[in-house]
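Peer 1: Residue numbers (our numbering): 6 to 446. Just passing along the structure, written as C-alpha coordinates.
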(Lines of atoms letter the chains of each structure in order from A and count residues from 1; the text may use other names and numbers.)
(Lines give C-alpha, C1' and ligand atoms only; values in the text may rest on other atoms or scores of the structure.)
Protein backbone atom coordinates (compact mmCIF):
# COMPACT_ATOMS: atom_id res chain seq x y z
CA UNK A 1 0.00 0.00 0.00
CA UNK A 2 1.13 3.59 -0.67
CA UNK A 3 0.95 4.41 3.05
CA UNK A 4 3.68 1.92 3.86
CA UNK A 5 5.77 2.03 0.68
CA UNK A 6 6.09 5.80 0.42
CA UNK A 7 6.56 7.02 3.98
CA UNK A 8 8.45 10.10 2.82
CA UNK A 9 5.52 11.45 0.84
CA UNK A 10 3.06 10.39 3.55
CA UNK A 11 4.89 12.43 6.21
CA UNK A 12 5.01 15.42 3.87
CA UNK A 13 1.29 15.12 3.24
CA UNK A 14 0.54 14.96 6.97
CA UNK A 15 2.75 17.98 7.60
CA UNK A 16 0.85 19.90 4.92
CA UNK A 17 -2.51 19.02 6.50
CA UNK A 18 -1.35 20.16 9.96
CA UNK A 19 0.12 23.36 8.51
CA UNK A 20 -3.11 24.25 6.66
CA UNK A 21 -5.21 23.52 9.77
CA UNK A 22 -3.10 25.81 11.95
CA UNK A 23 -3.15 28.47 9.27
CA UNK A 24 -6.95 28.45 9.05
CA UNK A 25 -7.26 28.49 12.84
CA UNK A 26 -5.05 31.58 13.05
CA UNK A 27 -6.51 33.29 9.98
CA UNK A 28 -8.64 35.77 11.92
CA UNK A 29 -5.64 36.86 14.03
CA UNK A 30 -3.31 37.45 11.09
CA UNK A 31 -6.04 39.08 8.99
CA UNK A 32 -6.54 41.66 11.74
CA UNK A 33 -2.80 42.11 12.22
CA UNK A 34 -2.20 42.79 8.52
CA UNK A 35 -4.74 45.60 8.58
CA UNK A 36 -2.57 47.48 11.10
CA UNK A 37 0.89 47.06 9.55
CA UNK A 38 1.14 50.34 7.68
CA UNK A 39 -0.91 52.63 9.88
CA UNK A 40 0.20 56.12 10.85
CA UNK A 41 0.55 56.82 14.57
CA UNK A 42 0.11 60.48 15.48
CA UNK A 43 0.90 62.16 18.79
CA UNK A 44 -1.08 64.94 20.37
CA UNK A 45 -1.15 66.27 23.89
CA UNK A 46 -3.81 64.68 26.06
CA UNK A 47 -6.70 66.85 27.18
CA UNK A 48 -9.66 66.08 29.42
CA UNK A 49 -11.37 62.74 28.75
CA UNK A 50 -15.17 62.51 29.00
CA UNK A 51 -16.12 58.88 29.63
CA UNK A 52 -19.47 57.79 28.19
CA UNK A 53 -21.62 55.74 30.57
CA UNK A 54 -24.45 55.16 28.10
CA UNK A 55 -25.42 51.70 26.86
CA UNK A 56 -25.61 53.13 23.33
CA UNK A 57 -23.45 56.10 22.33
CA UNK A 58 -23.83 57.77 18.92
CA UNK A 59 -20.74 59.18 17.24
CA UNK A 60 -21.09 62.76 16.08
CA UNK A 61 -22.05 63.33 12.42
CA UNK A 62 -22.04 59.62 11.58
CA UNK A 63 -24.26 56.56 11.34
CA UNK A 64 -22.21 54.75 13.97
CA UNK A 65 -23.25 53.76 17.50
CA UNK A 66 -20.77 52.34 20.00
CA UNK A 67 -21.98 49.87 22.63
CA UNK A 68 -18.80 48.96 24.53
CA UNK A 69 -15.11 48.19 23.89
CA UNK A 70 -13.49 45.03 25.28
CA UNK A 71 -9.84 44.02 25.38
CA UNK A 72 -9.52 40.80 23.38
CA UNK A 73 -6.70 38.83 24.98
CA UNK A 74 -7.09 35.92 22.55
CA UNK A 75 -5.52 37.67 19.56
CA UNK A 76 -2.73 39.78 20.98
CA UNK A 77 -3.01 43.42 22.04
CA UNK A 78 -6.35 44.38 20.52
CA UNK A 79 -9.53 46.11 21.56
CA UNK A 80 -12.78 44.86 20.03
CA UNK A 81 -15.75 47.21 20.30
CA UNK A 82 -19.33 46.06 19.71
CA UNK A 83 -21.04 48.64 17.49
CA UNK A 84 -24.00 49.34 15.23
CA UNK A 85 -23.40 51.01 11.88
CA UNK A 86 -24.78 51.38 8.40
CA UNK A 87 -23.56 48.95 5.79
CA UNK A 88 -21.84 51.68 3.75
CA UNK A 89 -19.39 52.75 6.51
CA UNK A 90 -15.87 52.16 5.19
CA UNK A 91 -13.51 53.98 7.53
CA UNK A 92 -13.14 54.51 11.26
CA UNK A 93 -10.26 55.47 13.55
CA UNK A 94 -9.42 54.71 17.16
CA UNK A 95 -7.57 56.95 19.61
CA UNK A 96 -5.82 55.56 22.67
CA UNK A 97 -4.96 58.05 25.45
CA UNK A 98 -1.71 56.88 27.04
CA UNK A 99 -1.19 58.01 30.63
CA UNK A 100 2.48 57.03 30.79
CA UNK A 101 3.68 59.50 28.14
CA UNK A 102 0.66 61.86 28.00
CA UNK A 103 -0.01 61.21 24.32
CA UNK A 104 -2.94 59.98 22.25
CA UNK A 105 -2.26 57.34 19.59
CA UNK A 106 -4.49 57.51 16.50
CA UNK A 107 -4.82 54.33 14.48
CA UNK A 108 -7.08 53.05 11.72
CA UNK A 109 -9.66 50.47 12.81
CA UNK A 110 -10.67 47.24 11.13
CA UNK A 111 -14.44 47.16 10.50
CA UNK A 112 -15.83 43.62 10.63
CA UNK A 113 -19.58 43.58 9.92
CA UNK A 114 -21.42 40.45 10.98
CA UNK A 115 -22.68 38.15 8.24
CA UNK A 116 -26.22 37.85 9.66
CA UNK A 117 -27.92 41.19 9.01
CA UNK A 118 -31.28 40.01 7.59
CA UNK A 119 -31.34 42.88 5.08
CA UNK A 120 -31.57 45.65 7.69
CA UNK A 121 -29.61 48.82 6.87
CA UNK A 122 -27.88 48.87 10.28
CA UNK A 123 -25.53 45.99 11.08
CA UNK A 124 -23.94 44.52 14.20
CA UNK A 125 -20.24 45.27 13.76
CA UNK A 126 -16.92 44.58 15.45
CA UNK A 127 -14.55 47.55 15.47
CA UNK A 128 -11.05 46.11 16.00
CA UNK A 129 -8.17 48.34 17.06
CA UNK A 130 -4.53 47.38 17.66
CA UNK A 131 -3.23 48.83 20.92
CA UNK A 132 0.03 50.85 20.98
CA UNK A 133 3.13 48.89 21.94
CA UNK A 134 4.47 51.16 24.65
CA UNK A 135 1.45 51.58 26.94
CA UNK A 136 -1.65 49.77 28.17
CA UNK A 137 -4.52 52.23 27.64
CA UNK A 138 -7.55 52.36 29.89
CA UNK A 139 -9.78 54.30 27.50
CA UNK A 140 -10.50 54.50 23.78
CA UNK A 141 -12.19 57.03 21.46
CA UNK A 142 -13.68 56.47 17.99
CA UNK A 143 -13.96 58.94 15.12
CA UNK A 144 -14.54 59.04 11.38
CA UNK A 145 -11.64 61.35 10.45
CA UNK A 146 -7.92 60.87 10.99
CA UNK A 147 -7.48 64.28 12.64
CA UNK A 148 -10.45 64.77 14.99
CA UNK A 149 -11.07 67.33 17.68
CA UNK A 150 -10.49 65.02 20.64
CA UNK A 151 -12.18 67.37 23.09
CA UNK A 152 -15.54 66.85 21.32
CA UNK A 153 -15.43 63.04 21.38
CA UNK A 154 -16.87 60.66 23.97
CA UNK A 155 -14.38 58.23 25.47
CA UNK A 156 -15.07 54.65 26.52
CA UNK A 157 -13.53 52.67 29.34
CA UNK A 158 -11.94 49.48 27.99
CA UNK A 159 -13.54 46.49 29.70
CA UNK A 160 -11.96 43.06 30.32
CA UNK A 161 -8.68 44.71 31.27
CA UNK A 162 -7.37 41.40 32.66
CA UNK A 163 -7.97 37.90 31.26
CA UNK A 164 -9.25 36.21 34.42
CA UNK A 165 -8.98 32.44 34.74
CA UNK A 166 -11.29 32.11 37.75
CA UNK A 167 -14.93 33.04 37.20
CA UNK A 168 -17.56 34.63 39.42
CA UNK A 169 -20.27 32.53 37.73
CA UNK A 170 -20.43 29.03 36.29
CA UNK A 171 -23.41 29.94 34.08
CA UNK A 172 -24.70 33.34 32.97
CA UNK A 173 -27.99 33.59 31.07
CA UNK A 174 -28.23 36.41 28.52
CA UNK A 175 -31.75 37.69 27.76
CA UNK A 176 -31.36 39.77 24.64
CA UNK A 177 -34.27 42.20 24.73
CA UNK A 178 -37.05 42.72 27.26
CA UNK A 179 -39.36 45.18 25.59
CA UNK A 180 -42.87 46.62 25.59
CA UNK A 181 -45.11 46.41 28.64
CA UNK A 182 -43.93 42.92 29.62
CA UNK A 183 -45.75 41.88 32.79
CA UNK A 184 -45.79 38.06 32.81
CA UNK A 185 -45.02 37.93 36.52
CA UNK A 186 -45.53 34.24 37.33
CA UNK A 187 -43.65 32.84 34.34
CA UNK A 188 -40.82 35.35 34.82
CA UNK A 189 -40.31 34.32 38.46
CA UNK A 190 -40.59 30.63 37.59
CA UNK A 191 -38.04 31.06 34.80
CA UNK A 192 -35.49 32.92 36.93
CA UNK A 193 -35.88 30.37 39.72
CA UNK A 194 -35.51 27.52 37.21
CA UNK A 195 -32.30 29.11 35.94
CA UNK A 196 -31.00 29.15 39.51
CA UNK A 197 -32.03 25.54 40.14
CA UNK A 198 -30.26 24.50 36.95
CA UNK A 199 -27.08 26.28 37.95
CA UNK A 200 -27.13 29.93 36.84
CA UNK A 201 -25.51 32.48 39.14
CA UNK A 202 -26.21 35.50 36.94
CA UNK A 203 -28.92 36.61 34.49
CA UNK A 204 -28.02 39.57 32.26
CA UNK A 205 -31.11 41.33 30.87
CA UNK A 206 -31.05 44.03 28.20
CA UNK A 207 -34.15 46.00 29.15
CA UNK A 208 -35.93 48.15 26.63
CA UNK A 209 -39.17 48.22 28.60
CA UNK A 210 -41.44 46.31 30.98
CA UNK A 211 -44.48 46.77 33.19
CA UNK A 212 -44.41 48.05 36.80
CA UNK A 213 -44.80 44.58 38.32
CA UNK A 214 -41.76 43.22 36.50
CA UNK A 215 -39.90 46.42 37.43
CA UNK A 216 -40.52 45.54 41.07
CA UNK A 217 -39.22 42.00 40.55
CA UNK A 218 -36.15 43.22 38.70
CA UNK A 219 -35.28 45.46 41.65
CA UNK A 220 -35.61 42.45 43.95
CA UNK A 221 -33.38 40.22 41.83
CA UNK A 222 -30.81 42.99 41.37
CA UNK A 223 -30.60 43.43 45.14
CA UNK A 224 -30.31 39.66 45.52
CA UNK A 225 -27.38 39.68 43.11
CA UNK A 226 -28.94 37.35 40.54
CA UNK A 227 -29.97 39.81 37.82
CA UNK A 228 -27.90 42.42 36.02
CA UNK A 229 -29.98 44.91 34.00
CA UNK A 230 -28.43 46.72 31.03
CA UNK A 231 -30.61 49.67 29.88
CA UNK A 232 -31.33 49.30 26.16
CA UNK A 233 -33.06 52.47 24.80
CA UNK A 234 -32.55 51.51 21.15
CA UNK A 235 -35.58 53.47 19.94
CA UNK A 236 -33.94 56.75 21.03
CA UNK A 237 -31.45 56.34 18.20
CA UNK A 238 -32.95 53.97 15.60
CA UNK A 239 -36.28 52.55 14.50
CA UNK A 240 -36.15 48.97 15.81
CA UNK A 241 -38.22 46.32 14.08
CA UNK A 242 -40.42 43.89 15.96
CA UNK A 243 -39.54 41.19 13.43
CA UNK A 244 -36.31 39.38 12.62
CA UNK A 245 -36.23 40.20 8.87
CA UNK A 246 -36.42 43.55 7.08
CA UNK A 247 -39.04 42.26 4.62
CA UNK A 248 -41.50 41.71 7.50
CA UNK A 249 -40.90 45.06 9.21
CA UNK A 250 -38.81 47.52 7.15
CA UNK A 251 -37.16 49.48 9.95
CA UNK A 252 -33.51 50.27 10.78
CA UNK A 253 -32.45 47.25 12.83
CA UNK A 254 -33.94 43.84 13.58
CA UNK A 255 -35.85 42.77 16.67
CA UNK A 256 -34.83 45.57 19.03
CA UNK A 257 -31.14 45.10 18.21
CA UNK A 258 -31.12 41.51 19.47
CA UNK A 259 -27.96 40.53 17.59
CA UNK A 260 -26.08 43.45 19.12
CA UNK A 261 -27.05 42.60 22.69
CA UNK A 262 -26.22 38.90 22.32
CA UNK A 263 -22.72 39.69 21.11
CA UNK A 264 -22.22 42.34 23.78
CA UNK A 265 -23.34 39.89 26.45
CA UNK A 266 -20.74 37.34 25.36
CA UNK A 267 -17.89 39.85 25.68
CA UNK A 268 -19.30 41.38 28.85
CA UNK A 269 -19.20 37.96 30.51
CA UNK A 270 -16.14 36.56 28.74
CA UNK A 271 -13.94 36.53 31.84
CA UNK A 272 -16.70 36.52 34.43
CA UNK A 273 -18.51 33.30 33.49
CA UNK A 274 -17.39 29.82 32.47
CA UNK A 275 -20.44 29.42 30.22
CA UNK A 276 -22.90 31.86 28.66
CA UNK A 277 -26.44 30.85 27.69
CA UNK A 278 -28.25 32.75 24.94
CA UNK A 279 -32.04 32.51 25.10
CA UNK A 280 -35.23 34.53 25.57
CA UNK A 281 -37.09 35.25 28.80
CA UNK A 282 -39.73 32.56 28.09
CA UNK A 283 -37.20 29.80 27.31
CA UNK A 284 -35.46 27.23 29.53
CA UNK A 285 -32.92 24.64 28.40
CA UNK A 286 -34.19 21.57 30.28
CA UNK A 287 -31.91 18.49 30.62
CA UNK A 288 -33.36 14.99 30.32
CA UNK A 289 -30.40 12.84 31.40
CA UNK A 290 -28.96 15.21 34.01
CA UNK A 291 -30.31 17.16 36.93
CA UNK A 292 -28.60 20.45 36.15
CA UNK A 293 -26.53 22.30 33.55
CA UNK A 294 -23.19 21.62 35.23
CA UNK A 295 -23.49 17.84 35.12
CA UNK A 296 -24.84 18.04 31.56
CA UNK A 297 -22.05 20.31 30.32
CA UNK A 298 -19.36 18.29 32.12
CA UNK A 299 -20.60 15.24 30.25
CA UNK A 300 -20.87 17.02 26.88
CA UNK A 301 -17.45 18.63 27.14
CA UNK A 302 -15.89 15.28 28.06
CA UNK A 303 -17.45 13.71 24.96
CA UNK A 304 -16.73 16.69 22.68
CA UNK A 305 -13.62 18.51 23.94
CA UNK A 306 -13.19 20.45 20.68
CA UNK A 307 -16.67 22.01 20.79
CA UNK A 308 -17.08 25.60 21.96
CA UNK A 309 -20.85 26.06 21.45
CA UNK A 310 -23.69 23.61 22.08
CA UNK A 311 -27.00 24.22 20.29
CA UNK A 312 -30.30 22.97 21.73
CA UNK A 313 -33.50 22.61 19.73
CA UNK A 314 -36.42 24.88 20.58
CA UNK A 315 -39.81 23.23 21.26
CA UNK A 316 -43.09 25.09 21.67
CA UNK A 317 -45.26 24.31 24.70
CA UNK A 318 -48.46 26.21 23.73
CA UNK A 319 -49.86 28.24 26.58
CA UNK A 320 -53.41 27.60 25.35
CA UNK A 321 -53.08 23.90 26.29
CA UNK A 322 -53.39 23.12 30.02
CA UNK A 323 -52.97 19.95 32.04
CA UNK A 324 -55.93 19.03 34.30
CA UNK A 325 -53.61 17.59 36.95
CA UNK A 326 -54.04 18.83 40.53
CA UNK A 327 -50.73 17.36 41.64
CA UNK A 328 -49.36 20.65 42.92
CA UNK A 329 -50.70 22.94 45.63
CA UNK A 330 -50.43 26.18 43.68
CA UNK A 331 -53.93 27.59 44.15
CA UNK A 332 -52.37 30.66 45.80
CA UNK A 333 -50.89 31.54 42.38
CA UNK A 334 -54.29 32.09 40.81
CA UNK A 335 -54.26 35.81 41.52
CA UNK A 336 -50.74 36.30 40.14
CA UNK A 337 -50.64 37.60 36.55
CA UNK A 338 -48.84 35.45 34.01
CA UNK A 339 -48.51 31.86 32.84
CA UNK A 340 -47.87 28.86 35.11
CA UNK A 341 -45.32 26.71 33.26
CA UNK A 342 -46.18 23.67 35.42
CA UNK A 343 -49.57 23.54 33.66
CA UNK A 344 -48.08 23.36 30.18
CA UNK A 345 -46.59 19.92 29.56
CA UNK A 346 -47.63 19.30 25.94
CA UNK A 347 -45.32 20.33 23.12
CA UNK A 348 -45.85 20.68 19.45
CA UNK A 349 -44.22 18.09 17.17
CA UNK A 350 -41.44 19.15 14.84
CA UNK A 351 -42.54 20.49 11.49
CA UNK A 352 -41.14 18.72 8.45
CA UNK A 353 -38.98 20.73 6.06
CA UNK A 354 -38.91 23.65 8.48
CA UNK A 355 -35.98 25.23 10.33
CA UNK A 356 -36.15 24.42 14.01
CA UNK A 357 -34.63 27.25 16.00
CA UNK A 358 -31.90 26.48 18.50
CA UNK A 359 -30.58 28.27 21.55
CA UNK A 360 -26.99 28.13 22.72
CA UNK A 361 -24.75 27.29 25.66
CA UNK A 362 -21.24 28.46 24.79
CA UNK A 363 -17.77 29.00 26.12
CA UNK A 364 -17.45 32.77 25.58
CA UNK A 365 -13.67 32.58 25.19
CA UNK A 366 -14.12 30.30 22.18
CA UNK A 367 -16.65 32.47 20.31
CA UNK A 368 -15.92 35.55 18.20
CA UNK A 369 -19.36 36.39 16.75
CA UNK A 370 -22.81 34.90 17.25
CA UNK A 371 -26.19 35.05 15.58
CA UNK A 372 -29.46 34.15 17.33
CA UNK A 373 -29.57 30.46 16.43
CA UNK A 374 -26.00 29.78 15.29
CA UNK A 375 -22.38 30.81 15.78
CA UNK A 376 -20.89 32.98 13.03
CA UNK A 377 -17.18 32.92 13.96
CA UNK A 378 -15.38 30.87 16.59
CA UNK A 379 -12.15 29.14 17.53
CA UNK A 380 -13.95 25.84 18.05
CA UNK A 381 -16.80 24.15 16.26
CA UNK A 382 -20.49 24.01 17.21
CA UNK A 383 -22.54 20.91 18.02
CA UNK A 384 -26.26 20.20 17.66
CA UNK A 385 -27.18 18.46 20.92
CA UNK A 386 -29.55 15.50 20.61
CA UNK A 387 -33.09 15.99 21.91
CA UNK A 388 -32.73 13.03 24.28
CA UNK A 389 -30.05 15.01 26.14
CA UNK A 390 -31.93 18.33 26.49
CA UNK A 391 -34.26 20.67 24.67
CA UNK A 392 -35.53 24.23 24.97
CA UNK A 393 -38.82 24.47 26.87
CA UNK A 394 -40.56 27.43 25.23
CA UNK A 395 -43.96 28.32 26.71
CA UNK A 396 -45.66 30.78 24.34
CA UNK A 397 -48.49 31.19 21.85
CA UNK A 398 -48.75 28.14 19.56
CA UNK A 399 -47.12 27.96 16.16
CA UNK A 400 -49.28 25.02 15.04
CA UNK A 401 -52.54 26.24 16.52
CA UNK A 402 -54.75 23.91 14.49
CA UNK A 403 -53.25 20.72 15.92
CA UNK A 404 -55.60 18.62 18.09
CA UNK A 405 -54.48 17.62 21.59
CA UNK A 406 -53.74 14.04 20.55
CA UNK A 407 -51.16 15.32 18.07
CA UNK A 408 -49.18 17.05 20.81
CA UNK A 409 -46.39 15.29 22.70
CA UNK A 410 -46.81 14.98 26.45
CA UNK A 411 -43.54 16.04 28.09
CA UNK A 412 -43.63 16.58 31.85
CA UNK A 413 -39.85 16.79 32.34
CA UNK A 414 -40.31 20.20 33.96
CA UNK A 415 -42.17 18.45 36.80
CA UNK A 416 -38.98 16.87 38.17
CA UNK A 417 -38.14 20.36 39.48
CA UNK A 418 -41.64 21.09 40.79
CA UNK A 419 -41.09 20.73 44.55
CA UNK A 420 -38.08 23.05 44.93
CA UNK A 421 -39.46 25.35 42.23
CA UNK A 422 -42.80 25.85 44.00
CA UNK A 423 -41.06 26.57 47.30
CA UNK A 424 -38.71 29.14 45.76
CA UNK A 425 -41.42 30.83 43.66
CA UNK A 426 -43.70 31.12 46.70
CA UNK A 427 -40.90 32.77 48.66
CA UNK A 428 -40.22 35.35 45.95
CA UNK A 429 -43.90 36.14 45.38
CA UNK A 430 -44.51 36.55 49.10
CA UNK A 431 -41.49 38.81 49.63
CA UNK A 432 -42.67 41.00 46.79
CA UNK A 433 -46.26 41.11 48.10
CA UNK A 434 -47.85 39.17 45.25
CA UNK A 435 -49.49 36.69 47.60
CA UNK A 436 -50.02 35.66 51.18
CA UNK A 437 -48.10 32.43 51.81
CA UNK A 438 -51.00 30.93 53.71
CA UNK A 439 -53.61 31.78 51.08
CA UNK A 440 -55.23 28.84 49.38
CA UNK A 441 -53.55 26.23 51.63
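Even for Gly, the Cβ is constructed at its ideal location relative to N, Cα and C.
Tell me which same chain residues have a C-beta within less than 6 Å of the C-beta of residue 258, skipping the five on either side of it?
Peer 2: Hits under 6 Å: 125, 127, 243 and 245.
Peer 1: Anyone know if the C-beta pair for residue 327 and residue 348 falls short of 8 Å?
Peer 2: Cβ distance < 8 Å, so residue 327 and residue 348 count as in contact.
Peer 1: Taking only three categories from DSSP, how would you classify residue 306?
Peer 2: Correct three-state label for residue 306: helix.
Peer 1: Give me the Cα-Cα distance between residue 215 and residue 193, rounded to the nearest whole angstrom.
Peer 2: In a straight line, the C-alpha of residue 215 is about 12 Å away from that of residue 193.
Peer 1: Would you mind reading off the limits of the beta strand (DSSP E) that contains residue 292?
Peer 2: Its beta strand (DSSP E) spans residues 288-292.
Peer 1: In this structure, does DSSP put residue 269 in helix, strand or coil?
Peer 2: Three-state result, residue 269: helix.
Peer 1: Taking a contact to mean a Cβ-Cβ separation below 8 Å, would you say residue 184 touches residue 75 in this structure?
Peer 2: Not in contact: residue 184 and residue 75 (Cβ atoms no closer than 8 Å).
Peer 1: List the DSSP bridge partners of residue 177.
Peer 2: Paired residue(s): 207 and 281.
Peer 1: For residue 388, tell me which candidate among 282, 365 and 211 has the shortest Cα-Cα distance.
Peer 2: Of the candidates 282, 365 and 211, the one whose C-alpha sits nearest the C-alpha of residue 388 is 365.
Peer 1: Using 10 angstroms around the beta-carbon of residue 439, count the other beta-carbons present and answer buried if the total reaches 16, otherwise exposed.
Peer 2: Counting Cβ neighbours within 10 Å, residue 439 comes out buried, since at least 16 surround it.
Peer 1: Give a yes or no on whether the C-beta atoms belonging to residue 278 and residue 174 are separated by under 8 Å.
Peer 2: Yes, Cβ-Cβ distance for residue 278 and residue 174 is below 8 Å.
Peer 1: Would you report the Cα separation of residue 134 and residue 73, rounded to the nearest angstrom?
Peer 2: Rounded to whole angstroms, residue 134 to residue 73 spans 13 Å at the Cα level.
Peer 1: Looking only at DSSP bridge pairs, what is residue 389 linked to?
Peer 2: In DSSP, residue 389 forms a bridge with 316.
Peer 1: Taking just the CA atoms, how far does residue 113 sit from residue 103?
Peer 2: Straight-line Cα distance between these residues: approximately 17 Å.
Peer 1: What does DSSP give as the partner residues of residue 162 in its beta bridges?
Peer 2: Note: residue 162 sits in a beta bridge opposite 144.
Peer 1: Does DSSP classify residue 326 as helix, strand or coil?
Peer 2: Note: residue 326 maps to coil in three-state DSSP.
Peer 1: If you drop the 5 nearest sequence neighbours on each side, which residues of the same chain put their C-beta closer than 7 Å to that of residue 385?
Peer 2: For residue 385, where only same-chain residues beyond five positions count, the Cβ hits under 7 Å are 311, 312, 313 and 371.
Peer 1: Just mark residue 424 as buried or exposed, buried being the case when its beta carbon has 16 or more other beta carbons within 10 Å.
Peer 2: With fewer than 16 Cβ atoms within 10 Å of its Cβ, residue 424 is classed as exposed.
Peer 1: Could you spell out where the alpha helix (DSSP H) holding residue 433 opens and where it closes?
Peer 2: Element bounds for residue 433: 423-436.
Peer 1: Beta-carbon within less than 7 Å of residue 395's beta-carbon, same chain only, minus the 5 sequence neighbours each way: which residues are those?
Peer 2: Only 290, 291, 292, 293, 301 and 317 meet the Cβ criterion.
Peer 1: Just to confirm, is the Cβ distance from residue 3 to residue 160 under 8 Å?
Peer 2: This structure cannot settle anything about residue 3, because the visible part of the chain is limited to 6 through 446.
Peer 1: Going by Cα to Cα distance, which pick from 338, 82, 88 and 353 is closest to residue 136?
Peer 2: It is 82.
Peer 1: DSSP three-state call for residue 45: helix, strand or coil?
Peer 2: Because the pLDDT of residue 45 is 44, which lies under 50, any placement of that residue in the model is unreliable, and the question is left without a value.
Peer 1: Throw me the rounded Cβ distance for the residue 399 and residue 288 pair, which I believe falls under 8 Å.
Peer 2: That pair is a contact at about 5 Å.
Peer 1: With a threshold of 8 Å, are at least 3 pairs of Cβ atoms found where one atom belongs to the stretch 148-156 and the other to the stretch 215-233?
Peer 2: In short, these stretches do not touch, since the Cβ pair count stays below three.
Peer 1: What are the boundary residues of the beta strand (DSSP E) that includes residue 346?
Peer 2: Here residue 346 belongs to no beta strand (DSSP E), and DSSP marks it neither H nor E.
Peer 1: Would residue 351 pass as an interface residue toward chain C - the criterion being a Cβ-Cβ separation below 8 Å?
Peer 2: Structure shown: chain C not included; a single protein chain is present.
Peer 1: Going by C-alpha distance, which of 280, 89 and 65 is nearest residue 203?
Peer 2: Closest option to residue 203, Cα to Cα, is 280.
Peer 1: Give the straight-line distance between the Cα atoms of residue 5 and residue 286, rounded to the nearest whole angstrom.
Peer 2: Outside the displayed span of the chain (6 to 446) sits residue 5, for which this structure offers no information.
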